[in-house]
Each structure stands twice: as C-alpha cells, then as structure tokens.
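K.L.:
To start, I am sharing the structure in question, which I have written as structure tokens.
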Amino acid sequence: MQNVTPFHIAIPVHNLDECRSFYRDILDCEEGRSSDHWVDFNLFGHQLVIHYKPKSNVELHTNAVDGKNVPVPHYGVVLPWDLFQSFSKTLKTKGVEFIIEPYIRFEGEVGEQATMFFLDPAGNALEFKSFKDMNQLFAK
Numbered sequence: 051m052q053n054v055t056p057f058h059i060a061i062p063v064h065n066l067d068e069c070r071s072f073y074r075d076i077l078d079c080e081e082g083r084s085s086d087h088w089v090d091f092n093l094f095g096h097q098l099v100i101h102y103k104p105k106s107n108v109e110l111h112t113n114a115v116d117g118k119n120v121p122v123p124h125y126g127v128v129l130p131w132d133l134f135q136s137f138s139k140t141l142k143t144k145g146v147e148f149i150i151e152p153y154i155r156f157e158g159e160v161g162e163q164a165t166m167f168f169l170d171p172a173g174n175a176l177e178f179k180s181f182k183d184m185n186q187l188f189a190k
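Each residue of the sequence shown is one higher than the one before, starting from 51 at the first, in the numbering used here.
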C-alpha cells in the first residue's frame, strides 16, 4: 500500500472547551478551523478534529500488551525517537497523568519501541510511540 500523509481523525468529546484547551495548551497543537460543535487541530502534521458528543457512560476497556493494560480504543502518532523523548518530558512537566508511563516496550525484540498512554479530558485514550529503527514499524 502506498504511504499517504497526513491522516485525519475525528474524536468525540463531551466538553469542547476543556478538550480545546488540552489539545492546544498541553499537547501544543495548533488550532485551525472551528465552530460551536467542533475544532480542528494540527497534531504533528495530521488533522485531528474534536467533535461535541454528549457524554457516554461506557467504561474504558483494556487488553494486555507486554504486561500492561492498553486502553482500547486509542489513537496517536508515531514520532521520531528524539521528538518522542522531548515530548514525553514536556508532558511530565505539564502534569499529564499517564495510564502507562513512557517506557521501552518489547525491549531487545523485533518491534522495540518507546510508548506512553494517557487520556484527554473526555476520556479518549492517546498513545504516542517511537521506534529507534523506523524500519521495524511493521516488522514481524
């Protein structure tokens, strides 16, 4: 399959103002177009749109991966190694509460990667990851 960038993702949020602040001020996403029901953001060169949706009472589901409880569903971006390291430090200094603290997953194995998980204010799970060797992104 041919690589095409950037991607677009739309996520539901029940608190548009709080999530707008989170993506803009905590994740440092540049804000784009908006209305009273949605906001576009530049998430590392990709289009993220938060859309208002009334709050759901669905509980967070997880699956075990590498001994951790990975939230499902989740979304995020694969970052260059150095950017992941600096971004994770920035999130820590801004007081982000992690579901899974930044760490190296599958260390010494095919697909070794840095990863971290946290929630936005609407409870959407985000994962950011990085590979020292980007050729291992889809390695088996």
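Note that the Cβ used here is the ideal one computed from N, Cα and C, for glycine as well.
What you are looking at is a predicted structure, and each value in this text was computed from that prediction instead of being measured.
Between Ala-172, Pro-171, Leu-169 and Phe-156, which has its C-alpha nearest Ser-180's C-alpha?
P.N.:
Position 130 of the sequence shown, counted from the first residue, corresponds to residue 180. Of the candidates Ala-172, Pro-171, Leu-169 and Phe-156, the one whose C-alpha sits nearest the C-alpha of Ser-180 is Phe-156.
K.L.:
Near Tyr-73, which residues of its chain fall below 6 angstroms by C-beta distance, leaving aside the five closest residues on each side in sequence?
P.N.:
Locating residue 73 in the sequence shown gives position 23, counting from the first residue. These residues qualify, in order along the chain: Cys-79 and Phe-91.
K.L.:
Helix, strand or coil: how does DSSP classify Ser-259 here?
P.N.:
With the chain covering only 51 through 190, there is no way to say anything about residue 259.
K.L.:
Just list the beta strand (DSSP E) runs in the segment 58–137, keeping only unbroken ones of 3 residues or longer that don't cross its boundaries, in chain order.
P.N.:
Runs of the beta strand (DSSP E) inside the segment 58–137: 58–63, 80–84, 88–93, 96–102, 111–115, 118–122 and 124–128.
K.L.:
Report the rounded CA-to-CA distance for Val-89 versus Glu-68, giving the unit in angstroms.
P.N.:
Taking the first residue of the sequence shown as 1, we reach residue 89 at position 39. Taking the first residue of the sequence shown as 1, we reach residue 68 at position 18. Approximately 12 angstroms, taken between the alpha carbons.
K.L.:
Where do the N-terminal and C-terminal ends of the beta strand (DSSP E) with Ala-164 fall, by residue?
P.N.:
Here residue 164 refers to the residue found at position 114 of the sequence shown. Note, Ala-164: beta strand (DSSP E), 163–169.
K.L.:
Residues in its own chain within less than 8 angstroms of Gly-95 by CB, not counting five upstream and five downstream?
P.N.:
For the purposes of this step, residue 95 is identified with residue 45 of the sequence shown, where counting begins at 1. If we look at Gly-95 and ignore the five residues flanking it on each side, its Cβ neighbours are Thr-55 and Pro-56.
K.L.:
How do the segment 161–170 and the segment 134–142 stand: do at least 3 beta-carbon pairs fall below 8 angstroms, yes or no?
P.N.:
Segments in contact, yes.
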